[in-house]
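**Student:** Numbering (the UniProt record's numbering), first residue to last: 1 to 295.
Right, dumping it as structure tokens:
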């Protein structure tokens, strides 16, 4: 247990989780190093838990770095404004969720985990002059035909009022008895726009998000996890889609995406705006990268 966690204030919660109030946001780099060491046999890690950790981590008083926000907006294609994009609080609170997921008892190891879905609810606009409090916990550990899935919930609040909530679904791949049946792929819808996704997207998003998973930034790192070349971060893909929808977004909404096939770097992708709030990304052969819904 880290000294930071040992010094944190703790109190029991009625839902069975213990609230651990950290004094500051964790450092993402040290947590990634822990995850890598934990994946080396005989060096670190230890046995994974079979249940969810009964803990909720929290950090108060997180302010917005306007230079960071502007850099994030440029990488993802948003306009430069004082209003936070829906995906930016995910980046602000990411080190806290990383701290939760790299704890020894977390049931799915961070190395090799696959981000398969993300749902964000914006209760009201958040501006760059506001100070946020973040909390995170894990929920809904469940079997999957390729391993196990878990939801990591991140909540952003201002003055005790929840203003933002994100739920990221992660898949920990394991041995399975067999795969599901593959149906015929439907024809891809007509593209609303086409984007060229260059390799700098991987390194640029890693810089602004703090997510330095080598599958996004290194050809060697990608190959170690079964990819021929680096792939774009799923949350960059979601953010880029929301940037394309920016003029259509209401003050309060929920946007949910399922991440399908990875976006290799470089590549060209087709963005499609669908009826009833749907949107999608496909590759040049019509295969889906992302399916989304705005409501």
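From the three backbone atoms N, C-alpha and C, an ideal C-beta is built for every residue, glycine too.
Every value quoted in this text rests on a predicted model; they were computed, and no experiment measured them.
Going by Cα to Cα distance, which pick from 70, 126 and 259 is closest to residue 84?
**Tutor:** Taking the chain shown and counting its residues from 1, the one referred to as residue 84 is at position 84. If we check each option's Cα against that of residue 84, 126 comes out closest.
**Student:** Could you tell me the distance, in whole angstroms, from the CA atom of residue 68 to the CA atom of residue 209?
**Tutor:** For the purposes of this step, residue 68 is taken as residue 68 along the chain shown, with counting starting at 1. For the purposes of this step, residue 209 is taken as residue 209 along the chain shown, with counting starting at 1. Cα to Cα, residue 68 sits roughly 9 Å from residue 209.
**Student:** Contact check, residue 141 vs residue 156 under 8 Å by CB: the rounded distance?
**Tutor:** Position 141 of the chain shown, counted from the start, is the residue given in the question as residue 141. Position 156 of the chain shown, counted from the start, is the residue given in the question as residue 156. Wrong, their Cβ atoms sit about 23 Å apart, outside the cutoff.
**Student:** I need the boundaries of the beta strand (DSSP E) containing residue 100, first residue and last residue.
**Tutor:** In the chain shown, residue 100 corresponds to position 100, counting from 1. Residue 100 -> not in any beta strand (DSSP E); alpha helix (DSSP H) instead, spanning 88-101.
**Student:** Taking Cβ to Cβ, would you say residue 296 is nearer than 8 Å to residue 263?
**Tutor:** The question about residue 296 has no answer, for the chain in this structure spans 1 to 295.
**Student:** Counting pairs of beta carbons, one from the segment 59-68 and one from the segment 144-151, are three or more of them closer than 8 Å?
**Tutor:** They do not touch, by the three-pair rule.
**Student:** Hey, residue 216 and residue 190: beta-carbon distance below 8 Å or not?
**Tutor:** Working through the chain shown from its first residue, we reach residue 216 at position 216. Working through the chain shown from its first residue, we reach residue 190 at position 190. Going by C-beta atoms, residue 216 is not nearer than 8 Å to residue 190.
**Student:** Among 255, 96, 137 and 31, which residue has its Cα nearest to the Cα of residue 15?
**Tutor:** To locate residue 15, count along the chain shown from 1; it is residue 15. Comparing Cα positions, the closest option is 137.
**Student:** Please classify residue 139 as buried or exposed, where buried requires at least 16 neighbouring CB atoms within 10 angstroms.
**Tutor:** As a position in the chain shown, residue 139 is number 139, starting the count at 1. Residue 139 is exposed by the Cβ-count criterion.
**Student:** Can you name the start and end residues of the alpha helix (DSSP H) that residue 69 belongs to?
**Tutor:** The count along the chain shown starts at 1 and reaches residue 69 at position 69. Its alpha helix (DSSP H) spans residues 66-76.
**Student:** According to DSSP, simplified to helix, strand and coil, what is residue 223?
**Tutor:** Numbered from 1 along the chain shown, position 223 holds the residue referred to as residue 223. The answer is helix: DSSP assigns residue 223 an H, G or I state.
**Student:** Helix, strand or coil for residue 138? Go by DSSP, reduced to three states.
**Tutor:** Within the chain shown, numbered from 1, the residue matching residue 138 stands at position 138. Note: residue 138 maps to strand in three-state DSSP.
**Student:** State the DSSP-derived secondary structure class of residue 232, mapped to helix, strand or coil.
**Tutor:** Against the chain shown, residue 232 aligns to sequence position 232. In this structure, residue 232 counts as coil in the three-state DSSP scheme.
**Student:** By a C-beta neighbour count over all protein chains shown, 10 Å radius and 16 as the cutoff for buried, is residue 193 buried or exposed?
**Tutor:** Walking along the chain shown from the start, residue 193 turns up at place 193. Classification for residue 193: exposed.
**Student:** Under the rule that 16 or more other beta-carbon atoms within 10 Å means buried, what is residue 56, buried or exposed?
**Tutor:** Along the chain shown, read from residue 1 onward, the residue named residue 56 stands at position 56. Looking at its Cβ environment, which holds 16 or more other Cβ atoms inside 10 Å, residue 56 is buried.
**Student:** Quick one: grab the DSSP three-state call for residue 202.
**Tutor:** Residue mapping note: residue 202 aligns to position 202 of the chain shown, counting from 1. Helix, per DSSP.
**Student:** Hey, how far is the Cα of residue 180 from the Cα of residue 146?
**Tutor:** The count along the chain shown starts at 1 and reaches residue 180 at position 180. The count along the chain shown starts at 1 and reaches residue 146 at position 146. With a pLDDT of 42 at residue 180, under the threshold of 50, the modelled position of that residue is not reliable, and no figure is offered here.
**Student:** Residue 88: which of 273, 75 and 99 sits nearest, CA to CA?
**Tutor:** As a first step, residue 88 is located in the chain shown; it is residue number 88 there, counting from the start. Nearest option by C-alpha distance: 75.
**Student:** Relative to the alpha-carbon of residue 60, which residue among 71, 81, 54 and 19 has its alpha-carbon at the smallest distance?
**Tutor:** Within the chain shown, numbered from 1, the residue matching residue 60 stands at position 60. Among 71, 81, 54 and 19, the Cα nearest to that of residue 60 is on 19.
**Student:** Rounded C-beta distance between residue 115 and residue 234? I'm assuming under 8 Å.
**Tutor:** Residue numbering aside, residue 115 sits at position 115 when the chain shown is read from its first letter. Residue numbering aside, residue 234 sits at position 234 when the chain shown is read from its first letter. About 5 Å separates the two Cβ atoms, so the contact holds.
**Student:** Looking at residue 271: is its Cβ nearer than 8 Å to the Cβ of residue 239?
**Tutor:** Residue 271 sits at position 271 when you count from the first residue of the chain shown. Residue 239 sits at position 239 when you count from the first residue of the chain shown. Going by C-beta atoms, residue 271 is not nearer than 8 Å to residue 239.
**Student:** Exposed or buried, which one is residue 135 when buried takes at least 16 other CB atoms within 10 Å?
**Tutor:** Looking up residue 135 in the chain shown gives position 135. Residue 135 is buried by the Cβ-count criterion.
**Student:** Sorted by chain position, which residues of the same chain lie with C-beta nearer than 6 Å to residue 254's C-beta, five sequence neighbours on each side aside?
**Tutor:** Working through the chain shown from its first residue, we reach residue 254 at position 254. The residues are 121 and 295.
**Student:** For chain C, is any of its Cβ atoms less than 8 Å away from the one on residue 293?
**Tutor:** Absence of chain C from the displayed structure is noted, only one protein chain being present.
**Student:** Could you tell me which residues DSSP pairs with residue 258 in its beta bridges?
**Tutor:** The sequence position of residue 258 within the chain shown is 258, counting from 1. Paired residue(s): 117 and 291.
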